[in-house]
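Numbering that gives the first Met the number 0 puts the last residue of the sequence shown at 207; the count rises by one with no breaks.
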Amino acid sequence: MKLILLGAPGAGKGTQATLIKEAYAIPHISTGDIFRANIKGGTELGRLAKNYIDKGELVPDSVVIDIVKDRLMEADCANGFILDGFPRTVAQADALATFTDIDAVINLVVDSDVIIRRIAGRRMCACGETYNTATLKGSEICAKCGGKLYQREDDREETVKNRLAVYEKETAPLIAYYRDKKLLIDIDCNGRTISETDKNINKALSKV
Ligand SMILES: [Zn+2]
0 MKLILLGAPG AGKGTQATLI KEAYAIPHIS TGDIFRANIK GGTELGRLAK NYIDKGELVP
60 DSVVIDIVKD RLMEADCANG FILDGFPRTV AQADALATFT DIDAVINLVV DSDVIIRRIA
120 GRRMCACGET YNTATLKGSE ICAKCGGKLY QREDDREETV KNRLAVYEKE TAPLIAYYRD
180 KKLLIDIDCN GRTISETDKN INKALSKV
């Protein structure tokens, strides 16, 4: 099962990727993780990527594509994989198609206002506990350690809205591309629990 997983930040992509990975015994390949592994391992590609990252520049497509291609050649990908964070552009999708055939693209669909509520309502404690204002009933104190709860800068409503807008703008052409190739599977996650969404994904994949 060769899959691509798409979903806005806060759509629950990480959770679903883990469930799919376990159900199909295939690796979850996140480009962020590959970069970190290559940089840590001191590989040639890692050194190349690090040059760009250290300068605060985007790693060019050619480097990203080579890194993903190398990773997909590894033995654990023989029965498939879940790609996460790649491709990001139609050019990358075209490059991917030259070295592997994707079976399906799972698109986790969640309304922006649901994501904004979920993320902007998140409150953290220094002890590591996470809460949501939906269940806090106005409390600003950690039930576990009594610490004062705070909101991460990244979780502020304006920041979340901005991230979602960037994601939508970036991903819309990719969604159209895979819909056109009849590979796109929209999974409506609105009002669904994690296990309901998991069941819906499995049901859709059983038809692939
Ligand atoms: Zn605490």
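Idealized CB from N, CA, C, for every residue including glycine. Keep in mind it's a predicted model, so treat the numbers as computed, not measured.
*Taking Cβ to Cβ, would you say A119 is nearer than 8 Å to V159?*
Taking C-beta atoms as the reference points, A119 and V159 count as a pair closer than 8 Å.
*CB contact check: K202 to chain C, cutoff 8 Å*: In the displayed structure, chain C is absent; only one protein chain is listed.
*Below 8 Å between beta carbons: does that hold for N189 and D110?*
Their beta carbons are under 8 Å apart, which means N189 touches D110 by this criterion.
*Is there at least one non-hydrogen atom of ligand 1 closer than 7 Å to the beta-carbon of E128?*
At a threshold of 7 Å, E128 counts as near ligand 1, since its beta carbon sits closer than that to one of the ligand's heavy atoms.
_Segment limits, alpha helix (DSSP H) that includes A94_ = Counted as a single uninterrupted DSSP element, the alpha helix (DSSP H) harbouring A94 occupies residues 89 to 96.
*With DSSP as the reference, please indicate the residues paired to V104 in a beta bridge.*
For V104, which the question treats as bridged, DSSP gives the partners I3, L183.
*Cβ neighbour criterion (16 or more within 10 Å) applied to A16*: Counting the other Cβ atoms within 10 Å of the Cβ of A16 gives 16 or more, which makes it buried.
*Complete runs of the beta strand (DSSP E) confined to the stretch 101 to 172 [at least 3 residues]*: Counting whole runs of 3 or more residues, the stretch 101 to 172 contains the beta strand (DSSP E) stretches 103 to 108, 121 to 123, 129 to 131.
*Where does F80 fall in DSSP's three states?*
In the three-state reduction of the DSSP assignment, F80 falls in the strand class.
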